[in-house]
Amino acid sequence: MQTLGSGGLAASAQGRGGKGSIYVWASGDGGSYDDCNCDGYASSMWTISINSAINDGRTALYDESCSSTLASTFSNGRKRNPEAGVATTDLYGNCTLRHSGTSAAAPEAAGVFALALEANLGLTWRDMQHLTVLTSKRNQLHDEVHQWRRNGVGLEFNHLFGYGVLDAGAMVKMARDWKTVPERFHCVGGSVQDPESKCTERFVLIQILSGIWSQKQHWKEAV
Ligand SMILES: [Ca+2]
Ligand SMILES: [Ca+2]
Numbered sequence: 002m003q004t005l006g007s008g009g010l011a012a013s014a015q016g017r018g019g020k021g022s023i024y025v026w027a028s029g030d031g032g033s034y035d036d037c038n039c040d041g042y043a044s045s046m047w048t049i050s051i052n053s054a055i056n057d058g059r060t061a062l063y064d065e066s067c068s069s070t071l072a073s074t075f076s077n078g079r080k081r082n083p084e085a086g087v088a089t090t091d092l093y094g095n096c097t098l099r100h101s102g103t104s105a106a107a108p109e110a111a112g113v114f115a116l117a118l119e120a121n122l123g124l125t126w127r128d129m130q131h132l133t134v135l136t137s138k139r140n141q142l143h144d145e146v147h148q149w150r151r152n153g154v155g156l157e158f159n160h161l162f163g164y165g166v167l168d169a170g171a172m173v174k175m176a177r178d179w180k181t182v183p184e185r186f187h188c189v190g191g192s193v194q195d196p197e198s199k200c201t202e203r204f205v206l207i208q209i210l211s212g213i214w215s216q217k218q219h220w221k222e223a224v
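The numbering used here puts the first residue of the sequence shown at 2, with every later residue one more than the last.
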């Protein structure tokens, strides 16, 4: 299904001599009334989307939840401790102690990935996602609504924090001796014939044409 803004990123797999460009994307600052599943750049498999954790281990009030967030980095604190912003360079030759949001979190992640690439220039775009998932830490990260769960291979994940906060030291250490994972395997099971999907209050009707069922109709419960 096409989502806003996802076109064109597939070509990134050819970047860096075929190892794939590394795109880091902020999960977004829309808060609980927004959803980064609807952000085509965040939900694209070609990007690593990063959310914010704050200085006491909670999520920021502006955080959006979605299944595509892979990890988090620390960003500004909540109102009671506004001094806990992110220090960085600013416009007009100045510095700031108040950089904030996932706009601050994502560049921190890009810096961590750059360290991993410095340790091992052979890392592919898929390697970087594997390293992110395997070395991020749950630590004391917590949220009242979105609980930590365990996936099929036993790794803990959270729809706000992803697999946890990035651990630069652990990622660099693992990157040094990393054995490149196989290339992405791609197959097509069917195609959506009617982009004008029909919605009711609880269901979305999508027609999928596949080699096994011709124009079989699948009802998917809306979430
Ligand atoms: Ca958003
Ligand atoms: Ca993504």
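Every residue gets a Cβ at the ideal spot worked out from N, C-alpha and C, and that includes glycine.
It should be emphasised that the depicted structure is a prediction, and the values quoted were computed from it without experimental measurement.
Note down the Cα distance separating residue i from residue j, rounded to an integer number of angstroms.
i, j, result
"A171", "V113", "10 Å"
"G58", "L142", "4 Å"
"A11", "N38", "18 Å"
"A223", "L71", "With a pLDDT of 43 at A223, under the threshold of 50, the modelled position of that residue is not reliable, and no figure is offered here."
"M129", "I23", "8 Å"
"T74", "V87", "11 Å"
"K199", "G32", "28 Å"
"R151", "S69", "15 Å"
"L118", "S45", "22 Å"
"A85", "T133", "25 Å"
"S76", "R99", "9 Å"
"G191", "L156", "30 Å"
"W149", "I209", "33 Å"
"L5", "W47", "Because L5 sits at a pLDDT of 49, beneath the cut-off of 50, its placement in the model cannot be relied upon, and the point is left open."
"H219", "G21", "Because the pLDDT of H219 is 49, which lies under 50, any placement of that residue in the model is unreliable, and the number read from its coordinates should be weighed accordingly. Their Cα atoms are separated by approximately 35 Å."
"D168", "T97", "24 Å"
Using a threshold of 8 Å, state whether the C-beta atoms of residue i and residue j are closer than that.
i, j, result
"C67", "D30", "no"
"W179", "A14", "no"
"I51", "T103", "yes"
"V173", "L116", "yes"
"E65", "S101", "no"
"A110", "V205", "no"
"I49", "R79", "no"
"R185", "N121", "no"
"T181", "G123", "yes"
Using the DSSP secondary-structure output, state which residues sit across from residue i in a beta bridge.
i, result
"K138", "V166"
"L210", "S192"
"T70", "S50"
"Y24", "T48"
"D36", "S66"
"R150", "F158"
"K199", "L206"
"V87", "H100"
Inter-stretch contact at 8 Å, needing at least 3 Cβ pairs: the stretch 155-164 / the stretch 133-141: With a cut-off of 8 Å, the stretch 133-141 and the stretch 155-164 count as touching, because enough Cβ pairs lie within range.
Secondary structure, beta strand (DSSP E): runs of 3+ residues fully inside the stretch 91-115: Whole beta strand (DSSP E) segments, 3+ residues: 96-100.
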